[in-house]
Amino acid sequence: MMLRVALAIALSTSFSALAVAQAPTYDVLIAGGTVIDGTGAPRYRADVAIRGDRVVLVSRRPIARTRARRVVDATGRIVAPGFIDLHAHLEPLPQLPGARSAVTQG
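Take the sequence shown: its position 19, counted from the start at 1, is 1223 in my numbering, and no numbers get skipped.
What follows is the structure, encoded as structure tokens:
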């Protein structure tokens, strides 16, 4: 009887460990896009992984789609991870110190 209980516990913990190991690593995977990274380097094909509100990986090697909760197919599209601020209030541009940096994204 004790052997059965021990075996049941061992099996249940191994299955729960397996489930944790298979949980997605990333929230979003932007797959197959053409990356422009803002450094002046030539564009290149890459996958971009996001966790929370952060870009955590830009990889020239494909990232398995099963590693992400959501996959965006960016084939044929430009991806500019992390250096463009899409939400900036620059209406009174001449009066804002430092606005040029925001407009040129750098």
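Glycine included, every Cβ here is placed at the ideal spot set by N, Cα and C.
When DSSP states are grouped into helix, strand and coil, T1270 belongs to the helix group. Our two residues, Y1230 and R1264, have alpha carbons roughly 17 angstroms apart in a direct line. A direct Cα-Cα distance of roughly 10 angstroms separates A1278 from A1250. Pairing T1270 with G1236, the inter-Cα distance amounts to about 15 angstroms. Per DSSP, the continuous beta strand (DSSP E) segment holding G1236 begins and ends at 1230–1239.
Excluding its 5 nearest sequence neighbours in each direction, V1275 has C-beta neighbours in its own chain below 7 angstroms: L1233, A1235, R1269, listed in chain order.
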